[in-house]
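Undergrad: One structure, as structure tokens, below. Some questions next.
Number of protein chains: 2
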Amino acid sequence: MKILLVYAHPEPQSLNGSIKKFLINHLENKGHHVQVSDLYSMNWKPTLDIDDYPDRPANTRFNPSLDSQYAFEHNTQREDIALEQDKLRWADTVIFQFPLWWFSMPAILKGWFDRVYAYGFAYGVGEHSDHHWGDRYGEGIMAGKRAMLLVTTGGWPSHYSPRGINGPIEDILFPIEHGILYYPGFDVLPPFVIYHTSKIDEEKFLTICDQLGERLDTLWQTPPIAFRSQNTGMYTIPDLTLRADIAPEQAGFNTHIVK
Amino acid sequence: MKILLVYAHPEPQSLNGSIKKFLINHLENKGHHVQVSDLYSMNWKPTLDIDDYPDRPANTRFNPSLDSQYAFEHNTQREDIALEQDKLRWADTVIFQFPLWWFSMPAILKGWFDRVYAYGFAYGVGEHSDHHWGDRYGEGIMAGKRAMLLVTTGGWPSHYSPRGINGPIEDILFPIEHGILYYPGFDVLPPFVIYHTSKIDEEKFLTICDQLGERLDTLWQTPPIAFRSQNTGMYTIPDLTLRADIAPEQAGFNTHIVK
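Line order of the protein sequences matches chains A and B. Numbering follows my numbering, with no gaps: position 114 of the first sequence is 114. Numbering follows my numbering, with no gaps: position 96 of the second sequence is 355.
Here you go:
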């Protein structure tokens, strides 16, 4: 398999750095091809701004969507953006590894999505009609590929449990897994979450590596999260609400997962 | 009142730019003091990295939490970070205005929180014991201050409704409102959300300004979202789950809001 690791942690000698090394070694030892986008070591530019589009039409207002579309369609994207898009096209599976900072990803990784996910590439694709509302949520350029989050957090499992004070981890990650990964078509595997990072000794680290190794060995067999696809009749178009007769008692994020 | 606007949009001649101008004029005309952190025009550095801490102890692993704590306690923070902390101390109310990009804030704003929210300032504060688990979720440096999100999105209201495909807007914003704003003590006002931004003509813009003006005129009267405070007996400590006898039928983000 061809696996892309998109990695966002500033210190190689950290837990994340050790996990990353384990992951790459493990996958390569099993014969997989691995590419790594180590955003900190690449000095990745996080801010989507007008400098991203040097060949944009003059004398027009900067519009992040339309300018990214123009550059994508005219092959005038900045090379750093185009290279990451190529890596996404190349990969069968993409793993996003990051520490949970303020219940989301570090800015450098958010800026990777902001910039690499151009209009025409990851969104704004496909027919918009009364039975199809763009190639998204189950369709799109990433269809047939898999993605998984690999996340570390200082909090305890109970803090992220169904009644834990931070909110359930599945709900915290939903806007990423559903809104960023499923949106352009990825099948999204359940996340691998490492909690209570301040208390990880050598023994615990080896246990984590064993568990992660199992997940890496079954990337292609693990059932993805059963998000509902947008254009297969379950949602009304164009208001894009779940049909009233499907799971009529449900509301919220879970509504969009087949149980 | 003293109001800080933290603003993250790259184009002054955009809907966001027009809303920002209206907001500042409106507040100043009512006699309020306004400071603006216009992150794009400030060329805000989004990436929290080792360069943020030039006076950190040598020959140690970089640890974003511990290094930010060291710099905060020894007054060796970078000036850009310290200035934003001063603005937060100064303000009575903070408004965060941004376009929803990939169901979250633009990277430049995420990086504002990653860097300004130092350990010892916005987290890692207060006693940790069997009845108090840090000054957070209702306590902290922002206690007594108010915060509000002002968000634009291309999606339609129905797409963000309880059964809309993107997930309910309240749940999408929960990790920001609860996990970033309530965490260090802000009272968080209901968000002001502008939907379907591609279809806003002059008339619709004036209606939005009227509605926003009302919200600005009642910043101090509007009841905040009734998030549950952590250290007042509702949560068990240290597992920080809501007590079994409170809202026993509930789970998920809503569990943490008094209805």
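Cβ atoms here follow ideal geometry from the backbone N, Cα and C, with glycine treated the same way.
1. Once you ignore the five residues that flank V6/A on each side, which residues in its own chain have a CB closer than 6 Å to its CB?
2. List the endpoints of the continuous beta strand (DSSP E) containing T583/B.
3. Who does T411/B pair with in a DSSP beta bridge?
4. With H, G and I counted as helix, E and B as strand and the rest as coil, what does DSSP make of T222/A?
5. Rounded to the nearest angstrom, what separates G124/A and K304/B at their Cα positions?
6. From G413/B to W112/A, what does the alpha carbon distance come to, in whole angstroms?
7. Given a cut-off of 8 Å on the beta-carbon distance, is the pair Y419/B and I428/B in contact?
8. Can you list the residues of chain A that S420/B reaches, using a CB-CB cut of under 7 Å?
9. Which of the three DSSP states, helix, strand or coil, is assigned to Y266/B?
10. Provide the residue span of the beta strand (DSSP E) that contains Q336/B, from first to last.
11. Got a sec? Which residues, its chain only, sit under 8 Å from G185/A by beta carbon, not counting five neighbours each side?
12. Can you tell me whether N16/A is buried or exposed? The criterion is at least 16 other CB atoms within 10 Å of its CB, across all chains shown.
13. From R487/B, E386/B, T495/B, pick the residue whose C-alpha is nearest to that of K518/B; which is it?
14. Any Cβ of chain A within less than 8 Å of the Cβ of Q356/B?
15. Using the beta-carbon of each residue, which ones in chain A are nearer than 7 Å to Q489/B?
16. Could you compute how far the alpha carbon of S417/B sits from the alpha carbon of L181/A?
17. Evaluate contact between the region 73-89 of chain A and the region 48-59 of chain A, counting only Cβ atoms and requiring at least three cross-stretch pairs below 8 Å.
18. Would Y7/A count as contacting chain B if we go by Cβ distances under 8 Å?
19. Rounding to the nearest angstrom, what Cα-Cα distance links A348/B and A381/B in this structure?
20. Are Q344/B and G379/B closer than 8 Å when you measure CB to CB?
21. What residues from the region 395-413 of chain B come within 7 Å of chain A, judged by C-beta to C-beta, listed N to C?
22. Would you identify the three-state DSSP class for Q344/B, choosing helix, strand or coil?
23. If we cut at 8 Å on Cβ distances, does W479/B have a partner in chain A?
24. Just to confirm, are F192/A and L212/A a CB contact at a threshold of 8 Å?
25. Are the beta-carbon atoms of G511/B and D130/A separated by less than 8 Å?
26. Can you look up R146/A in the DSSP assignment and give me helix, strand or coil?
27. The alpha helix (DSSP H) spanning H285/B covers which residue range?
28. Quick one: what's got a C-beta closer than 6 Å to T335/B's C-beta in the same chain, skipping five residues either side?
29. Can you tell me the Cβ-Cβ gap for G423/B and L240/A, rounded? I've got them flagged as a contact below 8 Å.
30. Provide the residue span of the alpha helix (DSSP H) that contains V258/A, from first to last.
31. State the start and end residues of the unbroken alpha helix (DSSP H) segment that holds V375/B.
32. Flag this pair as yes or no: are the beta carbons of L242/A and T255/A separated by less than 8 Å?
33. What residue range does the beta strand (DSSP E) around D297/B cover?
TA: From the atom records:
1. Take V6/A, set aside five residues on each side of it, and the residues of its chain with a beta-carbon closer than 6 Å to its own are S37, F96, in chain order.
2. Residue 583/B falls outside the range modelled here, since chain B spans only 260 to 518, and no answer is possible.
3. Looking at the DSSP output, T411/B bridges to P358/B, I453/B.
4. DSSP places T222/A in the coil class of the three-state scheme, outside both helix and strand.
5. The straight-line gap from Cα to Cα measures roughly 29 Å.
6. If you take the alpha carbons of G413/B and W112/A, they lie about 20 Å apart.
7. Result yes, Cβ atoms of Y419/B and I428/B sit closer than 8 Å.
8. Result: T241.
9. Look at Y266/B here: in three-state DSSP terms it is strand.
10. It is not in any beta strand (DSSP E) - Q336/B carries neither H nor E in the DSSP assignment.
11. Closer than 8 Å at the Cβ level, and outside the excluded window around G185/A, lie D135, R136, G138, E139, G140, I141, M142, A143, G144, K145.
12. N16/A is buried by the Cβ-count criterion.
13. With distances taken between Cα atoms, K518/B lies closest to R487/B.
14. Output row for Q356/B: interface = no.
15. Within 7 Å of the CB of Q489/B, the CB atoms of chain A belong to I165, in sequence order along the chain.
16. Using only the alpha carbons, I get a separation of about 21 Å.
17. Counting Cβ pairs under 8 Å, three or more are found: they touch.
18. By this cut-off, Y7/A is not an interface position.
19. Note that residue 348/B is Arg in the sequence shown, not Ala. Cα to Cα, the separation comes out at about 11 Å.
20. Contact check for Q344/B against G379/B fails: the beta carbons are separated by 8 Å or more.
21. Residues Y396.
22. Three-state result, Q344/B: helix.
23. Interface criterion not met: the Cβ of W479/B is under 8 Å from no Cβ in chain A.
24. Between F192/A and L212/A, the C-beta spacing is below 8 Å.
25. Not in contact: G511/B and D130/A (Cβ atoms no closer than 8 Å).
26. Strand, per DSSP.
27. Counting along the chain, the alpha helix (DSSP H) containing H285/B begins and ends at 274-288.
28. Answer for T335/B: D314, listed in chain order.
29. The Cβ separation is near 6 Å, so the contact holds.
30. Note, V258/A: premise wrong, no alpha helix (DSSP H); not H, not E.
31. It spans 366-375 - the alpha helix (DSSP H) in which V375/B sits, taken as one unbroken run.
32. Against a cut-off of 8 Å, the Cβ pair of T255/A and L242/A comes out as a contact.
33. For D297/B, the enclosing beta strand (DSSP E) starts and ends at 292-297.
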